[in-house]
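Novice:
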Amino acid sequence: MADRFVDYKGIKVYYSPELDGGGMEFGQDFIPVVRKRFGKVGRCCEFGAGPGFIGFSLLAEGLCEKLDLVEINEDAVRAMEKTIKKNRLEGVAEVFLSDTFKDVDRKRSWNLVVSNPPHFDGGEDKYTRDMRIYDPGWRIHREFYRDIRMFLVKGGSSLFVENRFGSSPKLWKNMIIDAGLKYEGSFRYKTVGRIPRFSDVVAYVKGEKGFTKKSSVGEVLAKTALHAAYTIYYPYYFVLSKK
Ligand SMILES: C[S@@+](CC[C@H](N)C(=O)[O-])C[C@H]1O[C@@H](n2cnc3c(N)ncnc32)[C@H](O)[C@@H]1O
Numbered sequence: 003m004a005d006r007f008v009d010y011k012g013i014k015v016y017y018s019p020e021l022d023g024g025g026m027e028f029g030q031d032f033i034p035v036v037r038k039r040f041g042k043v044g045r046c047c048e049f050g051a052g053p054g055f056i057g058f059s060l061l062a063e064g065l066c067e068k069l070d071l072v073e074i075n076e077d078a079v080r081a082m083e084k085t086i087k088k089n090r091l092e093g094v095a096e097v098f099l100s101d102t103f104k105d106v107d108r109k110r111s112w113n114l115v116v117s118n119p120p121h122f123d124g125g126e127d128k129y130t131r132d133m134r135i136y137d138p139g140w141r142i143h144r145e146f147y148r149d150i151r152m153f154l155v156k157g158g159s160s161l162f163v164e165n166r167f168g169s170s171p172k173l174w175k176n177m178i179i180d181a182g183l184k185y186e187g188s189f190r191y192k193t194v195g196r197i198p199r200f201s202d203v204v205a206y207v208k209g210e211k212g213f214t215k216k217s218s219v220g221e222v223l224a225k226t227a228l229h230a231a232y233t234i235y236y237p238y239y240f241v242l243s244k245k
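Read in order, the letters of the sequence shown correspond to residues 3 to 245 in this note's numbering.
This is how it looks when you write it as structure tokens:
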């Protein structure tokens, strides 16, 4: 049940902890990166959206006008539908329950697709256990790059965040070129010295008196420790491709 939310500039994004794949943490690096590289884009999609932390943040920051969200997990889709309803974003944001792009309206076209996808190769058994982490034989990535041409406008871009413990930029370069797209490069967003933000570690929990700011001490400590570790040894890098 997605009864927690984080507030991004007035958009309350509902989630439950088991849907969080890092979009509230390192996923927030998309905001400065998109601002710097693209400025404001028209139509944006978050692929493998989970609760939509990244996509709804881009919308809240005024970096995109319309947002589509693609996700295979029904619980995450329900959470995003709740976010859309509670924030009255009907007509602005739309969710597709879909395995890669199989059930996405073919008429959609996007200027930018962002994603924090599963970062590790693993068997189907691992994928069944946690779809946030594993991409069996890189099937999801391959299908994404194979099909994204249908949805990107000419000159449109795809920006993924990846984890160097699970992959190398060379893997993506080859996959992107094989799919007939332009590989624009891989880069790290400078996080050294990044200070853990309190807003990243405080969740909202529904209680008898409505929503209150509340996270368990363990949760706050764990997330703060994670931020400290990222500052020293940051594993995430971006991969940019273009149609
Ligand atoms: C690392 S998590 C990221 C979740 C969220 N975007 C975030 O940043 O917290 C990867 C997401 O991809 C979704 N996913 C996995 N396989 C997928 C597929 N075949 N099609 C669409 N989404 C998929 C997972 O359910 C999960 O929500």
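All residues carry an ideal CB built from backbone N, CA and C; glycine is no exception.
#1: Taking the alpha carbon of C47 as the reference point, which residue from R39, I56, G41 has its own alpha carbon closest?
#2: Which residues in the same chain have their Cβ closer than 7 Å to the Cβ of H143, if we skip the five residues on either side of it in sequence?
#3: Determine the closest residue to R37 out of D5, E96, S59, A4, with distance taken between C-alpha atoms.
#4: Taking only three categories from DSSP, how would you classify N176?
#5: Is the shortest distance between the beta-carbon of E20 and the beta-carbons of chain B less than 8 Å?
#6: If we ignore side chains and look at the alpha-carbon of each, how far apart do E96 and Y235 end up?
#7: When DSSP labels each residue in this structure, what does D70 get in the three-state scheme?
#8: Helix, strand or coil for I135, going by three-state DSSP, please let me know.
#9: Residues in its own chain within less than 6 Å of W174 by CB, not counting five upstream and five downstream?
#10: How is I197 classed by DSSP in three states: helix, strand or coil?
#11: List the endpoints of the continuous beta strand (DSSP E) containing V15.
#12: Determine the DSSP secondary structure at V116, reduced to helix, strand or coil.
#13: Under the three-state reduction of DSSP, which class applies to K84: helix, strand or coil?
#14: Reducing DSSP to helix, strand and coil, say where E186 ends up.
#15: Just the C-alpha distance for G41 and E63, rounded to the nearest angstrom, thanks.
#16: Measure the beta-carbon distance from L183 to R151 and round it to whole angstroms, keeping in mind my assumption that it falls under 8 Å.
#17: Taking the Cβ atom as the reference point for each residue, do S111 and R45 lie within a distance shorter than 8 Å?
#18: What does a CB cutoff of less than 7 Å around P237 pick up in its chain, not counting 5 residues either side in sequence?
#19: Quick check on this structure: which residue in F49, K14, K87, P19 has the alpha carbon closest to the alpha carbon of D149?
Specialist: According to the structure shown:
#1: I56
#2: Excluding positions up to five away in sequence, the list reads P119, D137, M177.
#3: S59
#4: helix
#5: The chain labelled as chain B is not found in the depicted structure, where only one protein chain is given.
#6: 36 Å
#7: DSSP places D70 in strand when its eight states are reduced to three.
#8: coil
#9: Excluding sequence positions up to five before and after W174, its CB lies within less than 6 Å of the CB of V241, all in the same chain and listed in chain order.
#10: At I197 the pLDDT is 48, less than 50, meaning the model places this residue with poor confidence and gives no usable figure here.
#11: 13–17
#12: In the three-state scheme derived from DSSP, where H, G and I count as helix and E and B as strand, V116 is classed as strand.
#13: helix
#14: strand
#15: 11 Å
#16: Indeed, because the Cβ distance is near 7 Å, the residues count as touching under 8 Å.
#17: yes
#18: N165, R166, F167
#19: Answer by Cα proximity: F49.
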